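S.K.: In the working numbering, the protein residues as written are 170 to 339.
What follows is the structure in structure tokens.
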């Protein structure tokens with residue numbers, strides 16, 4: 170008589186930017202010594218060995234031999250240091266003799282301090298008019314930087330390019 174295998178819940182931990190791998194069958198047992206294999210992930214047998222997008226947006230690839238790769242897939246970037254979230258997927262296994270069992274793999278995703286993203290400033294086009302033979306002086310304060318923005322609130326500086334082009338007469 171076949172005794173069904175026992176699937177035990179699994180845990181893993183990773184940072185928000187780092188995939189983690191493991192094997193869900195490592196802690197599962199079969200009293201009859203049957204060879205265990207994964208037969209379904211989240212209730213679907215057709216997704217074994219292919220990437221599955223979880224409700225969180227993370228992805229997991231679970232193979233029949235129990236090996237898996239869990240990828241946070243950029244879905245936990247809002248976590249800060251000392252914050253964490255959990256994600257999970259269910260798997261079913263078989264002993265090849267008609268016995269099966271189901272367990273849950275839970276992944277803890279730890280937040281990390283992300284390096285700041287320096288976004289490029291946005292410069293508005295500038296146009297000026299002056300009377301013929303009248304010098305035009307435009308400073309950063311009175312015009313060149315007016316309307317220019319920086320999403321990171323960095324200070325903006327206006328510099329004259331080397332060998333500036335001559336003004337156009339219109």
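Cβ coordinates follow ideal geometry from the N, Cα and C atoms, glycine included. Since the structure is predicted, the reported quantities are computational estimates derived from the model, not experimental observations.
Check the C-beta distance from residue 181 over to residue 189 and give it rounded, since I have them as a contact under 8 Å.
M.R.: Counting from 1 along the chain shown, the entry for residue 181 is found at position 12. Counting from 1 along the chain shown, the entry for residue 189 is found at position 20. Yes, they are in contact, since the Cβ atoms of residue 181 and residue 189 sit about 5 Å apart, within 8 Å.
S.K.: From the DSSP output, which residues share a beta bridge with residue 253?
M.R.: Residue 253 sits at position 84 when you count from the first residue of the chain shown. The partner list for residue 253 (beta bridge, DSSP) reads 279.
S.K.: Hey, residue 250 and residue 203: beta-carbon distance below 8 Å or not?
M.R.: Within the chain shown, the letter at position 81 stands for residue 250. Within the chain shown, the letter at position 34 stands for residue 203. Taking 8 Å as the Cβ cut-off, residue 250 and residue 203 do not qualify as a contacting pair.
S.K.: Please confirm whether residue 185 and residue 245 have their CB atoms less than 8 Å apart.
M.R.: In the chain shown, counting from the first residue as 1, residue 185 sits at position 16. In the chain shown, counting from the first residue as 1, residue 245 sits at position 76. Against a cut-off of 8 Å, the Cβ pair of residue 245 and residue 185 comes out as a contact.
S.K.: May I ask you to verify whether the segment 263–273 touches the segment 224–231, counting CB pairs closer than 8 Å and requiring at least 3?
M.R.: Short answer: they don't touch.
S.K.: Return yes when the Cβ of residue 235 is within less than 8 Å of the Cβ of residue 192, no when it is not.
M.R.: As a first step, residue 192 must be located in the chain shown, where it is residue number 23. As a first step, residue 235 must be located in the chain shown, where it is residue number 66. Taking 8 Å as the Cβ cut-off, residue 192 and residue 235 qualify as a contacting pair.
S.K.: Roughly how many angstroms lie between the CA atoms of residue 262 and residue 282, to the nearest whole one?
M.R.: Against the chain shown, residue 262 aligns to sequence position 93. Against the chain shown, residue 282 aligns to sequence position 113. Each residue's alpha carbon lies about 38 Å from the other.
S.K.: Is the beta carbon of residue 210 less than 8 Å from the beta carbon of residue 241?
M.R.: In the chain shown, counting from the first residue as 1, residue 210 sits at position 41. In the chain shown, counting from the first residue as 1, residue 241 sits at position 72. No, the Cβ-Cβ distance between residue 210 and residue 241 is not below 8 Å.
S.K.: Out of curiosity, what's the CA-to-CA distance linking residue 223 and residue 206?
M.R.: Translated into the one-based positions of the chain shown, residue 223 becomes position 54. Translated into the one-based positions of the chain shown, residue 206 becomes position 37. Distance between the alpha carbons of residue 223 and residue 206: 21 Å.
S.K.: Which runs of the beta strand (DSSP E), 3 residues or longer, sit entirely within the segment 215–240?
M.R.: Listed in chain order, the complete beta strand (DSSP E) runs (minimum 3 residues) inside the segment 215–240 are 220–222, 228–231, 236–240.
S.K.: In terms of alpha-carbon separation, which member of 183, 174, 201 lies closest to residue 194?
M.R.: Numbered from 1 along the chain shown, position 25 holds the residue referred to as residue 194. The option with the nearest alpha carbon to residue 194 is 174.
S.K.: Roughly how many angstroms separate the alpha carbons of residue 326 and residue 314, rounded to a whole number?
M.R.: Here residue 326 refers to the residue found at position 157 when the chain shown is read from its first residue. Here residue 314 refers to the residue found at position 145 when the chain shown is read from its first residue. Near 8 Å, if we compare the C-alpha coordinates of residue 314 and residue 326.
S.K.: Quick check on DSSP: helix, strand or coil for residue 191?
M.R.: The residue given as residue 191 occupies position 22 in the chain shown. Residue 191 falls in the strand class under three-state DSSP.
S.K.: Please name the residue or residues paired with residue 260 in a DSSP beta bridge.
M.R.: Indexing the chain shown from 1 puts residue 260 at position 91. BP columns for residue 260 point to 210, 272.
S.K.: How long is the line joining the alpha carbons of residue 328 and residue 248, rounded to whole angstroms?
M.R.: Within the chain shown, residue 328 is the residue found at index 159, counting from 1. Within the chain shown, residue 248 is the residue found at index 79, counting from 1. The alpha-carbon atoms of residue 328 and residue 248 are separated by roughly 39 Å.
S.K.: In three-state DSSP terms, what is residue 291?
M.R.: As a working mapping, residue 291 is identified with position 122 in the chain shown. Three-state DSSP puts residue 291 in a strand.
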